[in-house]
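Enquirer: So the mapping is simple: the numbering used here equals the position in the sequence shown, first residue as 1, plus 2. Heads up, the beta-carbon is just placed ideally off N, CA and C, and yes, glycines get one too.
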Amino acid sequence: MKSLLGASGKSACENFYEYVCGSWAQAHSLYSTSGAGASISSDTIIQERLDKELASLLGSSNADDLRVAAALYQACMDRKKADAATNDVKELFKTWKIREWPRDSNGTMKEAWNFAGELVRDLGLSVILDAVLAVGSQYSDHVIVELREPTRIFSCSGPSRPAVMSLFRAALREVVEEFTQAPKAEILEEITHAFTRLGSSFACSSVVDFGGTKFTEPSAAAVKLSELDADITHFLTTTFNGATKFEPTTLVVLRQPMYLLDKLALVIRALSSRALMNYMGFLALAHLSAFLPERHVHLRQLFAKEMRGRILPDVSNSTAICAMAVEHILPACFNKLSSAVFRHAEYDARVPEKMSQLEDAFARNIGHLAWMSDELIVINRYRIKHRRASQLGPSMNFNGNDSCAPSDMSWRTDSPVEFYRAVSRAQHHVTFQRIVAGGVASSDTPLRPSSVHATYDHLMGRVQVPTALFNTSVPGNSAGFSLQLARYAVRFYSALLEALFVDERGQLGPDDASRRRLETLLQCFEWDLRELPTALRSPVAPDPAVSRGAILQQTAALQLAFRAFQELWQTPARLKSRDKLVEVRVALSNVADPPRERPYKPSASQHSRASGQPPNRGIASGSRRYGSHRFHSSIAAVKDELHQAFWNTLSPDSAAPAPTEYYREKTYAEALKRPAASPPLFFGAPPTVSLQSAQPVPYYEDRYQRLPDLSAEALFFVYYALDNCENSDQVYKEQHGRWLPAEYRVNLPLRHLVEFAPLFNCSADTNMGQMGLGRTCAVVTPDTWMTRAPAAS
């Protein structure tokens, strides 16, 4: 880390992203120069390691509930059957409405919509629409349907990029030569035209679709099925294959109303049914490319792009591609496998505990958000405290008896392609039946463990948390795990924040005053992005008008995550006895959580019973005094005396009685530079990772002793930037603009965090401190946030 900081020649106040990541890209060269969507980052490194671990576990698994997934993976890896797979795929096409690929004859739009439903039903492949069944949702206790735009392989600008079109045409040429002797040029052009219209997202880079671009309009609309085109009914009937009966009064939730009601209809009308079916058939071939010979490298790259969001260094090796194919139709099995990864890293108990703590911290601190009304604060605190807000991937669907794949069925294993289709279709059918019977809440695909972003499930009102959100190479009882909060807490909060915006049903929306405050804040971010210093700009820049919501979301997530870091991952210091430590812990764990924070006014009757403190004593911080009834204020007060626990060590042979003194180190380096032979900082009471926990750290952390000038809080921001370091081509950056390009994802939020500039001594005339409006766009209310200016390092 020391070799990275400032190696680019940039200071923290000139460009914080370059300060941390400037030399990172040089050390991590891009593996492809094709320009079709390559990237290397902490996300891709974690994904690749997890993919290898899960593929290895799947290949060697003999567990009963994983035997179907393991058998399917082994069938895909049997490359002796790869040459015969082409004929198997041709036979598969004969069972669908398209009958053959490429199809020469014209058809009807009803056939095209039915074919779209067959692909969802048999392969889990959504091309035109993505459909989900749900029961017990926020809309109704009965079965409802949600329709939404499917995930696109490329962004709206993809077809205009030569590298993207080159990849697409090469893949099309590869496969069409194997499926037909003399392909018609007009058919190939029709497929290419359909790709330019349907294969790329309608939303340009950096558009955050949920909540609208203003975050003040609902992101969904509920309508009756009778209000939609008849083709939608054909699609749903085929997709769900009789699992439920669709009536004209069936409630349908449109996740992106503008796409479903306007844009999709325009695109469909511009394409012939033959072009549409041939394009969908081509994507089905890309989906089945794992079973085809390895020479179809371009087709496999399209599949990898769909599954991982980027092209891969090597797709000729079937290990990763076959694992992705099985993961696509049986993600729950991979979630089970990822449980083993968590257990091996000793994360299985630690992570759920941390997620619970983060939920509590989120509920405590949303009252500080600048746009929130008192009513919304109370409602959302109630939601979070009375219903678990997160759903952790490795353990979210299973109680020990449920199988992650259909069982007790006879499979045709001589044809890997047919085996794959049969398992996928059976899995969907079982899931749909369980929903109708009330045994499962939603048919929505469980978040794949390899996903690097938490997502908010609007129907069920919870956040799905994938395995790859956590870097399991970092020991769970180390300083590094505590600092990884800059990764997983920010991403978790980014998803959870979606619950605070406009209620889709229009029942719990913000009042007019909240809308005005939110709009003012969004305008502030939009203006700041327009007036951003030139040194902080990059070639792929987000559009201020449509990206302001993404900036607000990322800034608020980072602000709340930093507060959680301050509250949960540091412990009291300079306490004179073990009894005093217990006293403060008890006081802080029993605080009431008022709807609004108010300045403390001590009264003569207030008295600390446990310590026998005189009236008006309270917990002091400098010249301030706070009452123990205010959790946040107590934390702020104790913060001056916090001990950076994750720097400290518990000597394995320390068995001394209760401590008589706790020492406070001013910086990380001071704590870490303690020689291994020196007396331990904690004797009887181990260092902790939260105010209520007493988990020991069993080994000495000396990796950070070469960082003499970074405080605990400063290093949090360094880790946040490090987590976002990236070396990517232009196509990848455009495709992932929804999350903001990496440089903007780091610099923009940090510019507006009230703690950042004082921590790094950034004056108002520096790039990171200079504001177009002359002030920061603070997502929290300063008078309640009450954050002290950190001491300069």
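#1: Check K99 in the structure and name its three-state DSSP category.
#2: According to DSSP, simplified to helix, strand and coil, what is H634?
#3: May I have the straight-line CA-CA distance separating F117 from S128, to the nearest angstrom?
#4: Looking only at its own chain, which residues have a Cβ that is under 8 Å from the Cβ of L174, when we skip the five neighbours before and after it?
#5: Buried or exposed: where does S291 fall if 16 or more other Cβ atoms within 10 Å of its Cβ makes it buried?
#6: Give a yes or no on whether the C-beta atoms belonging to A87 and L294 are separated by under 8 Å.
#7: In the DSSP assignment, what are the bridge partners of A133?
#8: Of the choices S453, T252, A322 and I270, whose alpha-carbon is the least far from that of C78?
#9: Between which two residues does the alpha helix (DSSP H) harbouring E798 extend?
#10: Look at L554 and F527 and say whether their C-beta atoms are less than 8 Å apart.
#11: Short of 6 Å in beta carbon distance, which residues of its chain neighbour A744, apart from the five on each side in sequence? Order them along the chain.
#12: Could you pull the start and end residues of the beta strand (DSSP E) that T387 belongs to?
#13: Anyone know if the C-beta pair for A71 and V328 falls short of 8 Å?
#14: My parser needs the alpha helix (DSSP H) runs of 4 or more residues fully inside the segment 7-56; what are they?
#15: Do P451 and S340 have their beta-carbon atoms positioned less than 8 Å apart in this structure?
#16: Determine which residues share a DSSP beta bridge with T457 and list them.
#17: Pairs of beta-carbons, one from the segment 748-758 and one from the segment 776-787, closer than 8 Å: are there three or more?
#18: Let me check understanding here. Comparing Cα to Cα, which of P315, A9, N17 and R276 lies closest to L750?
#19: Below 7 Å CB to CB, which residues in the same chain sit around L262 once its five sequence neighbours on both sides are set aside?
#20: If you count every other CB in all the chains shown that lies within 10 Å of the CB of K735, and 16 or more means buried, which is it?
#21: Starting from L253, trace the beta strand (DSSP E) in both directions and tell me its first and last residue.
#22: Would you please state the rounded distance, in angstroms, between the beta carbons of A325 and V317? I believe it to be under 8 Å.
#23: Among D80, R105, R81 and K82, which one has its Cα closest to the Cα of K92?
#24: Give every residue of the same chain whose Cβ lies closer than 7 Å to the Cβ of F718, excluding the five residues on either side of it in the sequence, and list them in chain order.
#25: By DSSP's criteria, Q393 is part of a beta bridge. Which residues make up the other side?
#26: Span of the alpha helix (DSSP H) holding E736?
#27: Would you decide whether D132 is buried or exposed? Buried here means 16 or more other CB atoms lie within 10 Å of its CB.
#28: Count the other C-beta atoms from every protein chain shown that fall within 10 angstroms of the C-beta of D785, then say buried if there are 16 or more, exposed otherwise.
#29: According to DSSP, is V225 helix, strand or coil?
#30: Please work out which residues of its chain come closer than 7 Å, Cβ to Cβ, to I155, disregarding the five sequence neighbours upstream and downstream, and give them in chain order.
#31: Please state whether the Cβ-Cβ distance between A456 and F494 is less than 8 Å.
#32: Grouping DSSP H, G and I as helix and E and B as strand, with all else coil, what is L755?
#33: Check whether the segment 241-256 and the segment 159-168 are in contact - that is, three or more C-beta pairs closer than 8 Å.
#34: What's the call for S10, buried or exposed, on a 16-neighbour Cβ count within 10 Å?
#35: Near L531, what residues of its chain come up, given a Cβ to Cβ distance below 6 Å and the 5 sequence neighbours on each side ignored?
#36: Taking the beta carbon of M411 as the centre, do at least 16 other beta carbons fall within 10 Å, making it buried, or is it exposed?
Expert: In short:
#1: Here the question's residue 99 lines up with position 97 in the sequence shown. Three-state result, K99: coil.
#2: Stepping through the sequence shown from its first residue, residue 634 is reached at position 632. Because the pLDDT at H634 is just 38, under 50, the model does not fix this residue reliably, and the value given afterwards should be weighed accordingly. H634: helix per DSSP, three-state reduction.
#3: Within the sequence shown, numbered from 1, the residue matching residue 117 stands at position 115. Within the sequence shown, numbered from 1, the residue matching residue 128 stands at position 126. Taking the straight line joining both Cα atoms gives about 11 Å.
#4: In the sequence shown, the residue the question calls residue 174 occupies position 172. Contacts found: L190, I193, T194 and F284.
#5: Here residue 291 is taken as the residue at index 289 of the sequence shown, counted from 1. Answer is buried; the Cβ neighbour count reaches 16.
#6: Residue mapping note: residue 87 aligns to position 85 of the sequence shown, counting from 1. Residue mapping note: residue 294 aligns to position 292 of the sequence shown, counting from 1. Going by C-beta atoms, A87 is nearer than 8 Å to L294.
#7: To locate residue 133, count along the sequence shown from 1; it is residue 131. A133 pairs with L149.
#8: As a first step, residue 78 is located in the sequence shown; it is residue number 76 there, counting from the start. When only C-alpha atoms are compared, the closest one is A322.
#9: In the structure as shown, the chain starts at 3 and stops at 795, and residue 798 therefore has no counterpart that could be examined.
#10: Locating residue 554 in the sequence shown gives position 552, counting from the first residue. Locating residue 527 in the sequence shown gives position 525, counting from the first residue. Closer than 8 Å, so yes.
#11: Taking the sequence shown and counting its residues from 1, the one referred to as residue 744 is at position 742. Taken in chain order, the residues that qualify are N726 and E728.
#12: Numbered from 1 along the sequence shown, position 385 holds the residue referred to as residue 387. Looking at the sequence itself, residue 387 is Lys, so the reference to Thr does not match. It is not in any beta strand (DSSP E) - K387 instead sits in the alpha helix (DSSP H) that spans D376 to H388.
#13: Residue numbering aside, residue 71 sits at position 69 when the sequence shown is read from its first letter. Residue numbering aside, residue 328 sits at position 326 when the sequence shown is read from its first letter. Cβ atoms of A71 and V328: closer than 8 Å.
#14: 18-23 and 26-29
#15: In the sequence shown, counting from the first residue as 1, residue 340 sits at position 338. In the sequence shown, counting from the first residue as 1, residue 451 sits at position 449. A contact, by the Cβ cut-off of 8 Å.
#16: Locating residue 457 in the sequence shown gives position 455, counting from the first residue. DSSP, once it has assigned bridges, lists Q466 as partnering T457.
#17: yes
#18: On the sequence shown, position 748 is the one that residue 750 refers to. The shortest C-alpha separation from L750 is found at N17.
#19: Position 260 of the sequence shown holds residue 262. So the list reads L149 and L256, once near-sequence residues are dropped.
#20: Within the sequence shown, residue 735 is the residue found at index 733, counting from 1. With 16 or more Cβ atoms within 10 Å of its Cβ, K735 is classed as buried.
#21: The residue labelled residue 253 in the question sits at position 251 within the sequence shown. Residues L253 to L256.
#22: Here residue 325 refers to the residue found at position 323 when the sequence shown is read from its first residue. Here residue 317 refers to the residue found at position 315 when the sequence shown is read from its first residue. Contact annotation, A325 with V317: C-beta distance approximately 12 Å; criterion of less than 8 Å not satisfied.
#23: Along the sequence shown, one-based indexing puts residue 92 at 90. Closest option to K92, Cα to Cα, is R105.
#24: The residue you call residue 718 lines up with position 716 of the sequence shown. L485, A488, F564 and F567.
#25: Walking along the sequence shown from the start, residue 393 turns up at place 391. Paired residues: Q466.
#26: Here residue 736 corresponds to residue number 734 of the sequence shown, with the count starting at 1. Run containing E736: Q732 to Q737, per the alpha helix (DSSP H) assignment.
#27: The residue you call residue 132 lines up with position 130 of the sequence shown. Classification for D132: buried.
#28: As a position in the sequence shown, residue 785 is number 783, starting the count at 1. D785 should be labelled exposed.
#29: Reading the sequence shown from its first residue, position 223 is the one you call residue 225. Of the three classes helix, strand and coil, the one that applies to V225 here is strand, per DSSP.
#30: For this step, residue 155 is matched to residue 153 along the sequence shown. The residues are G201, L304, K307 and E308.
#31: On the sequence shown, position 454 is the one that residue 456 refers to. On the sequence shown, position 492 is the one that residue 494 refers to. A contact, by the Cβ cut-off of 8 Å.
#32: For the purposes of this step, residue 755 is taken as residue 753 along the sequence shown, with counting starting at 1. Coil at L755, not helix or strand.
#33: no
#34: Counted from its first residue, the sequence shown places residue 10 at position 8. Around the beta carbon of S10, 16 or more other beta carbons sit within 10 angstroms, so the residue counts as buried.
#35: For the purposes of this step, residue 531 is identified with residue 529 of the sequence shown, where counting begins at 1. Cβ neighbours of L531 beyond the five flanking positions: P546.
#36: As a first step, residue 411 must be located in the sequence shown, where it is residue number 409. Exposed.
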